[in-house]
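Read in order, the letters of the sequence shown are residues 107 to 368 in this note's numbering.
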Amino acid sequence: MNNHFTTHSFRVASTDVDFQDKMFYHALLSIIQEAASSSAQSMGCGSDFMDANSACWLLLKMSVRMKSLPAWGEQLRVETWSRGKERLYFYRDFRIFNEQNSTIGVATSTWIVADKETHRPIKPDFLNDFIDKYSREEKAVTTKISPLPKPDTLDSDSPGNEITKHADYSELDRNLHVNNTRYIAWSFDALHYEFLTSYDILSMDVQFFSEIRFGEKVTIKAFNNGVEHLVFGNIADGRTAFVCKLFNGNLECSDDRSDEAR
């Protein structure tokens, strides 16, 4: 690791792809999340350090822009770096490269630090030294990201495809709530099969509002306006868990930067 970037290699496994041998989007997010975790560990503020401070990282937002979806057996390289913090919010960006060392995707994310038991936000001052030492202001996503619609703007009578999911044991992560990658898998499940087998979803924006605990019932409703899909996840007690936008716009990106460009 240099002072800013860490690089992580992954091979796309057979369990990561759909019937067309293209990588599931939630599997793509899994390797992005793994790169973030490994990078934080390299910086000294990974899970071991956070556990010792009774704290955890929680993802609030993520946007991904892909030029193409990786295929079964491809070797991928994910480059990631901290983009610093603002008040309670921490920013981390990513670039995804294929075997030819060409950029095929970029992503940006927003995180908070929370109490490990209550998952309520806490003051993150104990991380200032790490952030000051390892952060870089460079943005991976340079185009404007439009705000997602607020949950209360949803018209419950609007036509859409609706499914129900339950937070079973296999959906939970080490924070004892449904892992964020499952929200995305559920969002794709809510789309019409005919659409998913005809078009690639190359871009995604998601915002998380409430965690989903073991046993909770979640209604996933997807709306298509002809340009994009909006997906809302609502927990049975009335809380909105997440809002997700899935669309076909692909990434306009250049090839891998040289070391000198860093």
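Glycine included, every Cβ here is placed at the ideal spot set by N, Cα and C. Treat the numbers as computed from the prediction; the structure is a model and nothing was measured.
H132 sits in a helix when the DSSP states are folded into three classes. In this structure, T186 lies near R198, with their beta-carbon atoms less than 8 Å apart. A direct Cα-Cα distance of roughly 33 Å separates K351 from D154.
By alpha-carbon distance to E192, the top candidate from P253, I237, Q181 and L134 is I237. Under DSSP, the beta-bridge partners assigned to D311 are S169 and K351. In the three-state scheme derived from DSSP, where H, G and I count as helix and E and B as strand, I269 is classed as strand.
Ranking D258, E243, W217 and N330 by CA distance to the CA of S169 puts W217 first. Under the three-state reduction of DSSP, A296 is assigned to helix. Secondary structure at K191: strand, using DSSP grouped into helix, strand and coil. Taking a 10 Å sphere around the C-beta of V333, we find fewer than 16 other C-beta atoms and assign the residue as exposed.
Within a 10 Å sphere around the beta-carbon of A342 sit fewer than 16 other beta-carbons, which makes this residue exposed. By the C-beta density criterion, Y305 is exposed, having fewer than 16 other C-beta atoms within 10 angstroms. A177 has its alpha-carbon roughly 11 Å from the corresponding atom of F125.
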